[in-house]
Every structure is written in C-alpha cells, then in structure tokens.
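This is the structure we're talking about:
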C-alpha cells in the first residue's frame with residue numbers, strides 16, 4: 608500500500624492543475640474484484656469507446672469528481688486494512 612500511495616503522490620505532483628486525475632468514484636471495500644484479497648476500487652471517468660454493453664455508462668462522458676488529495680487521504684486511512692487497490696473505468700487511449 609505504501610508503494611501505491613507514494614506513486615499516486617509522485618504522479619499527482621507532476622500533473623498540471625488543469626489536468627487532474629479523473630477520479631469519478633470510489634468503492635471503499637470489495638472482495639469480488641480481486642479474489643481472496645481486501646481491496647477498494649478507484650473508478651476513473653472518461654472513455655472514447657461507446658460499447659452498448661458498458662456496465663458504467665454514466666462515467667463514459669463523466670468528469671472527475673474527487674481530488675488527488677481526497678484519494679490520498681482515503682488510501683492513507685486504509686493503510687493496513689486493504690491488501691490492494693483496483694483501478695477501473697476510464698479508457699486511457
């Protein structure tokens with residue numbers, strides 16, 4: 608978890624203010640998305656695909672709703688409680 612927090616801090620420190628991470632939502636706890644591990648899911652907004660079968664169509668054209676600072680505070684508060692972080696949503700291309 609420390610490596611993840613350090614990485615998010617490093618990346619967010621190098622982003623221009625007008626290009627924040629598009630953090631759309633967060634699922635604070637799951638054991639389904641990373642079997643046999645406790646995890647949270649960070650959902651990213653934006654996708655250039657328009658798949659008819661998309662199970663999260665609201666985030667396709669969505670904007671980031673949460674700041675990097677908010678995300679870091681959440682992750683720090685879960686240190687020692689979560690085994691992993693699952694990144695989902697958002698098509699990067």
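In our numbering, the protein residues as written are 608 to 700.
We put the beta carbon where it would ideally sit given N, CA and C, even for glycine.
Going by C-alpha to C-alpha distance, which of 670, 689 and 696 sits closest to residue 627?
670
For residue 629, name the three-state secondary structure that DSSP assigns.
coil
Tell whether a beta-carbon distance below 8 Å holds between residue 637 and residue 630.
no
Could you check where the alpha helix (DSSP H) with residue 684 kicks off and where it finishes?
675–684
So, with DSSP's three-state summary, where would you put residue 664?
helix
Candidates 632, 640 and 661: closest to residue 651 by CA position:
632
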